[in-house]
Amino acid sequence: MDKKPWFKTPLRLLLIVVVALLAGQRAFAAGYKDLVVGTGTDASTLDPHLCTDSATEVINKNIYNNLVRFDTNMKLVPDLATEWKLAKDGLTWSFNLRRGVTFQDGTPFNAAAVKFNIERVLDPRTASARRSVLAMVKSVEVVDDTDVKIVTSYPCGSFLFQMAHPVAAMVSPAAVAKWGNQKFGLNPCGTGPFKLVRWDSGEKLEFAPFEHYFEGAPKLKSLTYKIIPEDSTRALLLESGRIDVAFRLPVTEIQRLTADRTLGIITTPTIMTMYVALNNQKGPFKDPRVRQALNYAVNKASIVKDVVDGYATVADSVIPPGVWGYAKIGAYPFDPAKARKLLAQAGYPNGFEFTLWTPVGRYLMDKQMAEAIQAQMAAVGVKMKIQTWDFQALMSEVKKGQFDSVLLGWSASSADADQAMYPVFESTQWPPNSNRALYKNAMVDKLLNGARKETNPIKRAQMYKDAQKQIMADAPWITLCYPKQSVAFRYNIGGIEVLPTEHVLFARTTKR
Amino acid sequence: MYILKKLALTILVLIGAATCSFLLLRMLPGDPAEALAGPQAALEDVETVRKSLDLDKPAARQYLTYMTSMARGDLGYSYRSHRLVVDEIKARWPATLKLSLASMLVAIFCGVPLGIHAAQKRGRLADTVSMVVSFVGVSMPSFWLGMILIVCFSVKFQLLPFSGDDELLNYVLPSLTLGLGVAANIARMTRASMLETLGQDYVRTARGKGLSEFRVVKLHALRNAAVPIVTIIGLQLGALLGGQVVTETLFVWPGLGRMIVDSLNARDYMVVQGGILVLAATFAILNLLTDLLCKALDPRIRL
């Protein structure tokens, strides 16, 4: 047997020295570090014009830029455009583009690229599921290299907000030509701070900083999204330091992590409203007094406090404060006595029976919320049955419009009142479209259609305020709450930007 | 001849599996175009998507297209990522294969000795303990066992990693999680089969010849008891290769099971169909191999 200590044999000693040198060199060579982000689902497609899910939009936001974007306060700020102006005709928007911007493949970003991108979204052959977001665009005109004119077919009040929508991201025309519509999503190329290096399906997406990013290359060596579907696994990996940032943790995990001093948590509002759509054309719900009664019967404050542990705020209008055009109307107070009185007036002194459909795990504590509502309904004599659904099956059934009521969330990714209200309250939008309450009010229709074509922001805001007031009074929904979102990270990470649109930006993130 | 017949049968099985998965998916509530477009999509956008995926064509036509392209080895592409289903499977299949084999090793090395030991000590304390242990093993949900292992070994004592498939150490916890349940099954089968052979005349003869207990058990009895054990190992390996959704999810394993379930939730029909086809093929081939192995172990078996 060899009696020497194991590390004293010459070969091993040499090996140790080499390894130590290599390790040291690596640590010195790169001041910047690798950032690992844990997320629950794999990306669907990295082609922003085809992408439809918010989990992938979050990732795309690091590859692409729009002409304009939101800041953390939901103000529209310059992105690839530095200035913009609406002509007197209310139809023609001129954009001044940032100079010297290149795509990640080295080709220049210019007015021609803007024209290419908008036309690509509108081209039926692209088959974009978000085509309607830009459908108001009539034509795009290249003025010169850095000036572009976009003409809409009607005066569009929400135009700039639509341009900040993820589908209006600018992709490299050269890369699309190279890969074709089908393969571009696997070989993405934008102007953003990170470029894709590798995508292992179901496992991880690896990005490198784009050294020519127009706001300066990110101060990270790499950015990796690891796909960790199980919530508790994601939390455990963050606690043990194997990942740096964790997305979309459930309330229960966030609570536990709050106590951990090696972690930081950013909690911000979102632009979602959670609600129960009552079928306004069916049974007792035809009577507005019944719908108001149910709004009085639900204790929203208790749901926010006890069911979601403060990770939401009580909804005081049908759209949340982060959406342009929001007006505080005031929530229905919790008043079971009044609820009983209204029910009696409507001819239901002994209550009635109905069914609530709910998805499970799609929205913040959705099933638990339904159960809390069930107990509160029972207290005013209304018997509510709960039926749980797989989300895709639920959406298919809801489109038939035959349900009593359904618990859902709605968020307008353009963060403008038009997309936040028109699809869900305008009466031509009944199922299979998104007006799932089958709500109809001629005055609201007039306001929503008018505001859509109004470019004066003051007049437009007033119209949306009036519409919100009328809708809250008509109570087509039981309006519940605005959920919050949380992003948890290790103590040595700084500069994460979390937007109410649920987008998380790492362009300025650092790791000590 | 047998193999040819069996292979022909396998092709029939695959056609059947493809047809069943095609039909069942279309009977499921939910619509791929709606799922892809998302709950907030405008109706016209949903229709654009439906058309672009050829889902507006009659189901019979879709079925014919699918079957003919399948015959050419083309399994279509994912509705979401536009990746070829064949590529998607190629990316996920090795992870599932490696984890299944590692788990099966754990299962065989724990299960077979435990079963033999229990059979030798039949009716005594060791037997009871072994069987209680294996009973617990069979009944333990893998989700729970996996969680306990993670909390103990990865979080509290930080001895073992629990995510990813890039390092050998990463295999320990997931293969234990999967392997222990299978080991329990194998142990019970081994015990039953060994009890039967240990009572046979040739075992008494072998003992009578003065052979060591080790030789009697390992060479004479085990070899004769092997057929049912090999059969159950084949079946269990098939089940493992089917992808262990829960374990794969828990241990962040990019395997086939998770692929199928994720795609099912998103109604990504082509990926689900492709995945099911691979599973059916795996089962058929494993069955064939098990049969051949049993024949090799016991020449009396006629195939």
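Chains as they are written, first to last, in numbering that gives the first Met the number 0: chain A, 0 to 511; chain B, 0 to 302. Ideal Cβ positions, reconstructed from N, Cα and C, are used throughout, including at glycine. All of these numbers come straight from a predicted model, not from anything done at the bench.
Does any CB atom of chain B fall closer than 9 Å to the CB of Arg255 of chain A? In the first sequence, counting from the first residue as 1, residue 255 of chain A sits at position 256. So, not an interface residue.
Taking only beta-carbon atoms, is Ala34 of chain B less than 9 Å away from chain A? Your numbering for residue 34 of chain B matches position 35 in the second sequence. Cβ-Cβ to chain A under 9 Å: yes for Ala34 of chain B.
Cβ-based burial, Glu229 of chain A [other Cβ within 10 Å; buried from 16]: Position 230 of the first sequence, counted from the first residue, corresponds to residue 229 of chain A. Label assigned to Glu229 of chain A: buried.
Which of the three DSSP states is assigned to Ala487 of chain A in this structure? On the first sequence, position 488 is the one that residue 487 of chain A refers to. Correct three-state label for Ala487 of chain A: strand.
Do Asn286 of chain B and Gly207 of chain B have their CB atoms nearer than 9 Å? Along the second sequence, read from residue 1 onward, the residue named residue 286 of chain B stands at position 287. Along the second sequence, read from residue 1 onward, the residue named residue 207 of chain B stands at position 208. No. Outside cutoff.
Going along the stretch 120-137 of chain A in order, which residues come within less than 9 Å of chain B, judged by CB to CB distance? Pro123, Arg124, Thr125, Ala126, Ser127, Ala128, Arg129, Arg130, Ser131, Val132, Ala134
Whether Leu407 of chain A touches Pro28 of chain B by CB criterion (9 Å): Position 408 of the first sequence holds residue 407 of chain A. Position 29 of the second sequence holds residue 28 of chain B. No.
In angstroms, rounded to a whole number, what distance separates the CA positions of Val57 of chain A and Lys155 of chain B? Along the first sequence, one-based indexing puts residue 57 of chain A at 58. Along the second sequence, one-based indexing puts residue 155 of chain B at 156. Looking at the two C-alpha atoms, the distance is approximately 33 Å.
Identify, in the order they occur along the chain, each residue of the same chain with its Cβ nearer than 6 Å to the Cβ of Pro172 of chain A, setting aside the five sequence neighbours on each side. By one-based count along the first sequence, residue 172 of chain A stands at place 173. Cβ neighbours of Pro172 of chain A beyond the five flanking positions: Ala112, Phe115.
When you compare the CB positions of Ile372 of chain A and Gly189 of chain A, do they come within less than 9 Å of one another, or not? As a working note, residue 372 of chain A is residue 373 in the first sequence. As a working note, residue 189 of chain A is residue 190 in the first sequence. Not a contact, by the Cβ cut-off of 9 Å.
For Asp143 of chain A, the first and last residue of its enclosing beta strand (DSSP E): Residue numbering aside, residue 143 of chain A sits at position 144 when the first sequence is read from its first letter. 136-143 is the span of the beta strand (DSSP E), which, as asked, contains Asp143 of chain A.
Using a beta-carbon distance below 9 Å, is Leu42 of chain B in contact with chain A? The sequence position of residue 42 of chain B within the second sequence is 43, counting from 1. Cβ-Cβ to chain A under 9 Å: yes for Leu42 of chain B.
Excluding sequence positions up to five away, which residues of its chain have a Cβ less than 7 Å from the Cβ of Val48 of chain B? Here the question's residue 48 of chain B lines up with position 49 in the second sequence. So the qualifying residues of the chain are Ala32, Leu35, Ala36.
I'd like to know if Leu237 of chain A contacts chain B, where contact means its C-beta is closer than 9 Å to some C-beta of that chain. The sequence position of residue 237 of chain A within the first sequence is 238, counting from 1. Judged by the 9 Å Cβ criterion, Leu237 of chain A is not in contact with chain B.
Beta-carbon proximity list for Asp143 of chain A, same chain, < 8 Å, skipping 5 on both sides: On the first sequence, position 144 is the one that residue 143 of chain A refers to. Around Asp143 of chain A: Ala110.
Using a beta-carbon distance below 9 Å, is Trp409 of chain A in contact with chain B? Here residue 409 of chain A refers to the residue found at position 410 when the first sequence is read from its first residue. So, interface residue.
Does the distance from the C-beta atom of Ala419 of chain A to that of Val322 of chain A stay below 9 Å? Locating residue 419 of chain A in the first sequence gives position 420, counting from the first residue. Locating residue 322 of chain A in the first sequence gives position 323, counting from the first residue. For Ala419 of chain A and Val322 of chain A, yes; Cβs fall inside 9 Å.
Start-end ranges of the alpha helix (DSSP H) lying completely within the stretch 126-189 of chain B, minimum 4 residues: Every alpha helix (DSSP H) of 4 residues or more that sits fully in the stretch 126-189 of chain B is shown, in chain order, as 141-148.
So, does the stretch 274-289 of chain A touch the stretch 1-10 of chain B, judging by three or more C-beta pairs under 8 Å? Judged by Cβ distances under 8 Å, the stretch 274-289 of chain A makes no contact with the stretch 1-10 of chain B, as fewer than three pairs qualify.
Could you please tell me which residues of the stretch 11-40 of chain B, in chain order, have their CB closer than 7 Å to any CB of chain A? Pro28, Gly29, Asp30, Glu33, Ala34, Leu35, Ala36, Gly37, Pro38, Gln39, Ala40
Thr354 of chain A beta carbon less than 9 Å from that of Asp403 of chain A: Taking the first sequence and counting its residues from 1, the one referred to as residue 403 of chain A is at position 404. Taking the first sequence and counting its residues from 1, the one referred to as residue 354 of chain A is at position 355. Yes, they are a contact pair.
Whole angstroms are fine: how far does the CA of Ser426 of chain A sit from the CA of Asp86 of chain B? Translated into positions along the second sequence, residue 86 of chain B becomes position 87. Translated into positions along the first sequence, residue 426 of chain A becomes position 427. Near 45 Å, if we compare the C-alpha coordinates of Ser426 of chain A and Asp86 of chain B.
Please list, in chain order, all residues of the same chain as Ser99 of chain B whose beta carbon is under 6 Å from its beta carbon, the five residues on each side excluded. To locate residue 99 of chain B, count along the second sequence from 1; it is residue 100. Once the five neighbours on either side are set aside, the close Cβ partners of Ser99 of chain B are Leu239, Leu240.
Which residues in the same chain have their Cβ closer than 6 Å to the Cβ of Ser20 of chain B, if we skip the five residues on either side of it in sequence? Here residue 20 of chain B is taken as the residue at index 21 of the second sequence, counted from 1. So the list reads Gln272, Ile275, once near-sequence residues are dropped.
Locate the beta strand (DSSP E) running through Lys452 of chain A, then write down its first and last residues. To locate residue 452 of chain A, count along the first sequence from 1; it is residue 453. No beta strand (DSSP E) contains Lys452 of chain A, which DSSP labels as neither H nor E.
On the DSSP bridge assignment, give the partners of Glu496 of chain A in chain order. On the first sequence, position 497 is the one that residue 496 of chain A refers to. Paired residues: A:Leu504.
Once the 5 residues before and after Pro283 of chain A are set aside, which same chain residues still bring their CB inside 8 Å of it? As a position in the first sequence, residue 283 of chain A is number 284, starting the count at 1. The residues are Val289, Ala345, Tyr347, Phe351, Phe353.
Check whether the stretch 115-127 of chain B touches the stretch 172-182 of chain B, taking contact to mean three or more Cβ pairs, one atom from each stretch, closer than 8 Å. no
Using the Cβ count rule (16 or more neighbours within 10 Å means buried), how would you classify Leu342 of chain A? Mapped onto the first sequence, residue 342 of chain A falls at position 343. Under the 10 Å beta carbon count, Leu342 of chain A is surrounded by 16 or more other beta carbons and is classified as buried.
Do we get a CB-CB distance below 9 Å when we pair Ile226 of chain A with the residues of chain D? This model lacks chain D altogether; the protein chains it does include are A and B.
Can you tell me where the alpha helix (DSSP H) with Thr44 of chain A in it begins and where it stops? As a working mapping, residue 44 of chain A is identified with position 45 in the first sequence. Looking at the DSSP string, Thr44 of chain A is not in any alpha helix (DSSP H), and its letter there is neither H nor E.
Since His81 of chain B contacts Gly37 of chain A with CB under 8 Å, what's their CB separation in whole angstroms? Translated into positions along the second sequence, residue 81 of chain B becomes position 82. Translated into positions along the first sequence, residue 37 of chain A becomes position 38. Incorrect: roughly 25 Å between the Cβ atoms, too far for contact.
Assumed close pair Pro173 of chain B, Phe250 of chain B - CB separation to whole angstroms, cut-off 8 Å: Taking the second sequence and counting its residues from 1, the one referred to as residue 173 of chain B is at position 174. Taking the second sequence and counting its residues from 1, the one referred to as residue 250 of chain B is at position 251. Confirmed, Cβ separation roughly 4 Å.
Is the beta carbon of Arg266 of chain B sitting closer than 9 Å to the one on Thr44 of chain A? Reading the second sequence from its first residue, position 267 is the one you call residue 266 of chain B. Reading the first sequence from its first residue, position 45 is the one you call residue 44 of chain A. It is not a contact, given that the beta carbons lie outside the stated cut-off.
Continuous beta strand (DSSP E) assignments of at least 3 residues falling wholly in the stretch 177-250 of chain A: With a minimum length of 3 residues, the unbroken runs of beta strand (DSSP E) contained wholly in the stretch 177-250 of chain A fall at 193-199, 203-208, 221-226.
Leaving out five residues on either side along the sequence, give the residues of the same chain with a beta carbon under 6 Å from the beta carbon of Ala338 of chain A. Against the first sequence, residue 338 of chain A aligns to sequence position 339. If we look at Ala338 of chain A and ignore the five residues flanking it on each side, its Cβ neighbours are Ala292, Tyr295, Ala296, Val379.
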